[in-house]
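Asks:
Residue numbers (the working numbering): 11 to 701.
1. Around the Cβ of residue 114, are there at least 16 other Cβ atoms within 10 angstroms (buried) or fewer (exposed)?
2. With H, G and I counted as helix, E and B as strand and the rest as coil, what does DSSP make of residue 609?
3. Would residue 248 be called buried (16 or more neighbouring beta carbons within 10 Å of its own) or exposed?
4. To the nearest angstrom, how far is the alpha carbon of residue 537 from that of residue 524?
5. Check whether the stretch 414-426 touches the stretch 454-469, counting contact only when three or more Cβ pairs, one atom from each stretch, lie closer than 8 Å.
6. Using the C-alpha atoms, what's the distance from residue 72 back to residue 81?
7. With distances taken between CB atoms, is the gap from residue 470 to residue 460 smaller than 8 Å?
8. Is the beta carbon of residue 120 sitting closer than 8 Å to the one on residue 229?
9. Rounded to the nearest angstrom, how far is the Cβ of residue 466 from that of residue 432, given a contact under 8 Å?
10. Which value, in whole angstroms, describes the spacing of the CA atoms of residue 342 and residue 315?
11. Taking its Cβ as the centre, do 16 or more other Cβ atoms sit within 10 Å of residue 623, making it buried, or is it exposed?
12. Since residue 66 and residue 305 are thought to touch, with beta carbons under 8 Å apart, how far apart are those beta carbons, to the nearest angstrom?
13. Measure the Cβ-Cβ separation of residue 634 and residue 599 and say whether it is below 8 Å.
14. Going by Cα to Cα distance, which pick from 284, 485 and 127 is closest to residue 784?
15. What do you get for residue 514, buried or exposed, if any count of 16 or more other CB atoms within 10 angstroms of its CB means buried?
16. Is DSSP giving residue 616 helix, strand or coil here?
17. Please state the DSSP three-state secondary structure of residue 649.
18. Does the separation of the CB atoms of residue 251 and residue 214 fall below 8 Å?
19. Considering only residues of the same chain and omitting the five flanking positions on each side of residue 245, which have a CB-CB separation below 7 Å?
20. What's the gap between the Cα of residue 609 and the Cα of residue 656?
21. Under a CB-based cut-off of 8 Å, is residue 389 close to chain D?
22. For residue 130 versus residue 152, is the C-beta spacing smaller than 8 Å?
23. Specify the secondary structure class of residue 223 as computed by DSSP and reduced to three states.
24. Span of the alpha helix (DSSP H) holding residue 370?
25. In this structure, does DSSP put residue 394 in helix, strand or coil?
26. Mapping DSSP to helix, strand and coil, what is residue 214?
27. Put residue 559 into one of helix, strand or coil per three-state DSSP.
28. Starting from residue 6 and walking both ways along the beta strand (DSSP E), at which residues does that stretch end?
29. Please determine, among 371, 382 and 169, the residue with the shortest C-alpha to C-alpha distance to residue 362.
30. Shortest alpha-carbon distance to residue 300 belongs to which of 629, 52 and 595?
Laid out in structure tokens, this is it:
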């Protein structure tokens, strides 16, 4: 690969004026430069935590456009979250400017899949305006299909739902699942899978898993469609490759084809999503499918101090590796890693918050630079209580999604019906919100009538013979609803989407409905504020969408944002509380890793068969820390109302003892105890001053 001298060096510089200081890589190291400039075949960049992988991807995009004469529209970079995709877009824009980015795809896997399905919907058997089912929609449809066969326990339904999702992610069709069923439960799941897919087609809908599996199945079966997309995407870059499932792997493999224009960036030591279908073995599979694969390791860490990295390296060395790597840093040795031994979970929370408060006051550190990480959501409760007692602001990741709120799902149901009249799940929600006297008995009769006619529920509302099946009064009410919805759809097609939604809300008198349904005026006000926020968001999407974007286009974008970003972003000055899974990809100055005990980390359900993934999860937690890391454990915890003695996590024994400082119940240093007391007094004075 020819060098481009000073011009390339200038292009590949990070700009201090636009990137936070801690994220800078002012001078590319040799491994980063090699990864950016290598274009002679498929490339695996084995990128350790904090090694600048996002910069490598974005700067490689710039290199392909500037020095390999690739049009931006011929390049696609895919990752797993909208947040990561936005960061990539912003970095590429800073490198190249907006004028050179026309047609460039920087998006999530699911956004790329949605684009493919939209373009190829006829080949896939869908009509325009198809709906994306979220998890609740899918669960409701599967429940309805199962109900016809007889009731099942909730846990059995959940297992069947999980099995169908697993098959889709593993690139298995219903027919393949049925042929491979090994027992009666699997056979029932495979038959349900077949009926579920048929129902989705009837409703002109896809679920979240279909956004990957359907394009992969299309390309596997249709050479013409595959050839057209290979011409569109001539170079593919994939972030977080260790998190891909079988369907995503097939989609990548098929798109790349014989051109071999592929760079994947991943870290087998951070593969922590096997429970949702990710396959760490996709990294070694690359070498089998692409014998000419080149591997470049990024081992210099720009995030953490030496002691933190030594601990991470020592821990993860206990896992088997196809490619060995060892993180190192120029940031100095750093402070020892503290290990706090506590009496119980409450004491653990009190000690953690006490240390955090001491750091905050002694060094004037903003609360946002602290994170408390844990294996399971239930561990947050004690920390929340103590933080509230001290009136320390905190942000709990994993709360209720904006789109899971009742009022938002109500409005989304109406809008989904406007763009896809075959969406029965949306019909069932909208038809009685506000109530129109359509009870369960009427719905049951309507469902049977529609099934006999081979049409959707909304279409059945205007069919001849409905009055005989339901009675005149019910039939007339449903017919009036269907006709009003048709007029609303025509109105929406002739005006901007936001105006159409405002008209719809007014027509159904939704504000009055919320007042009737809410427990008090304050609750109604909050729900109306959510409706206003929904309208504002829709307006912002419309402003930034392509010219002529329809309501259907905007709804698809909103559905994807909800499915990929269940958590609201929060830039407030607040302590972060989150699970280790949620913390992946993030970094903080000071990290407290709670519950370092057997049965918690590693989790008791994983000890027999998934200990390597639990070790990777601990590794992810350790490598979130930039400056200080504190590990906490309790001598006992309550489980099912009973006190249970706890053993220290085996992972503690795998850390280098010379880098750990074990602390008992009280700080050993009298001077430190004095400083902690002064920090608490200072905090109390600041609280009193606010009163």
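Note that beta-carbon positions come from the ideal geometry of N, C-alpha and C, so glycine has one too.
Replies: Taking the coordinates as given:
1. As a position in the chain shown, residue 114 is number 104, starting the count at 1. When all chains shown are included, residue 114 counts as buried.
2. Working through the chain shown from its first residue, we reach residue 609 at position 599. Correct three-state label for residue 609: strand.
3. In the chain shown, residue 248 corresponds to position 238, counting from 1. It is buried - the Cβ of residue 248 has at least 16 other Cβ atoms within 10 Å.
4. Here residue 537 is taken as the residue at index 527 of the chain shown, counted from 1. Here residue 524 is taken as the residue at index 514 of the chain shown, counted from 1. The alpha-carbon atoms of residue 537 and residue 524 are separated by roughly 7 Å.
5. no
6. Here residue 81 refers to the residue found at position 71 when the chain shown is read from its first residue. Here residue 72 refers to the residue found at position 62 when the chain shown is read from its first residue. Roughly 11 Å between the two C-alpha positions.
7. Position 460 of the chain shown holds residue 470. Position 450 of the chain shown holds residue 460. A contact, by the Cβ cut-off of 8 Å.
8. Numbered from 1 along the chain shown, position 110 holds the residue referred to as residue 120. Numbered from 1 along the chain shown, position 219 holds the residue referred to as residue 229. No, the pair does not count as a contact, with Cβ atoms beyond the cut-off.
9. Translated into positions along the chain shown, residue 466 becomes position 456. Translated into positions along the chain shown, residue 432 becomes position 422. That belief holds up - the Cβ atoms of residue 466 and residue 432 are roughly 4 Å apart, short of 8 Å.
10. Looking up residue 342 in the chain shown gives position 332. Looking up residue 315 in the chain shown gives position 305. About 6 Å.
11. Working through the chain shown from its first residue, we reach residue 623 at position 613. Buried, because 16 or more other Cβ atoms sit within 10 Å of the Cβ of residue 623.
12. In the chain shown, the residue the question calls residue 66 occupies position 56. In the chain shown, the residue the question calls residue 305 occupies position 295. In fact, because the Cβ distance is near 14 Å, the residues do not count as touching under 8 Å.
13. Taking the first residue of the chain shown as 1, we reach residue 634 at position 624. Taking the first residue of the chain shown as 1, we reach residue 599 at position 589. No, these two residues do not count as a Cβ contact at 8 Å.
14. Here the chain comprises residues numbered 11 to 701, so residue 784 is not present and cannot be evaluated.
15. Translated into the one-based positions of the chain shown, residue 514 becomes position 504. With 16 or more Cβ atoms within 10 Å of its Cβ, residue 514 is classed as buried.
16. As a first step, residue 616 is located in the chain shown; it is residue number 606 there, counting from the start. Residue 616 falls in the coil class under three-state DSSP.
17. Taking the chain shown and counting its residues from 1, one reaches residue 649 at position 639. Three-state DSSP puts residue 649 in a strand.
18. By 1-based counting over the chain shown, the position of residue 251 is 241. By 1-based counting over the chain shown, the position of residue 214 is 204. For residue 251 and residue 214, no; Cβs fall outside 8 Å.
19. Numbered from 1 along the chain shown, position 235 holds the residue referred to as residue 245. Result list for residue 245: 74, 80, 84, 85 and 271, in chain order.
20. The count along the chain shown starts at 1 and reaches residue 609 at position 599. The count along the chain shown starts at 1 and reaches residue 656 at position 646. Going by the C-alpha atoms only, they are around 8 Å apart.
21. Protein chain content of the structure displayed is limited to a single chain, and chain D is not contained in it.
22. Stepping through the chain shown from its first residue, residue 130 is reached at position 120. Stepping through the chain shown from its first residue, residue 152 is reached at position 142. No, the pair does not count as a contact, with Cβ atoms beyond the cut-off.
23. Reading the chain shown from its first residue, position 213 is the one you call residue 223. Note: residue 223 maps to helix in three-state DSSP.
24. Position 360 of the chain shown, counting from 1, holds the residue named residue 370. Its alpha helix (DSSP H) spans residues 355-373.
25. Working through the chain shown from its first residue, we reach residue 394 at position 384. Three-state result, residue 394: helix.
26. Start at 1 with the first residue of the chain shown, and residue 214 comes out as number 204. Residue 214 falls in the coil class under three-state DSSP.
27. Here residue 559 refers to the residue found at position 549 of the chain shown. Coil at residue 559, not helix or strand.
28. Outside the shown range of the chain, which is 11 to 701, sits residue 6, and nothing can be said about it.
29. Within the chain shown, numbered from 1, the residue matching residue 362 stands at position 352. Answer by Cα proximity: 382.
30. As a working note, residue 300 is residue 290 in the chain shown. Closest option to residue 300, Cα to Cα, is 52.
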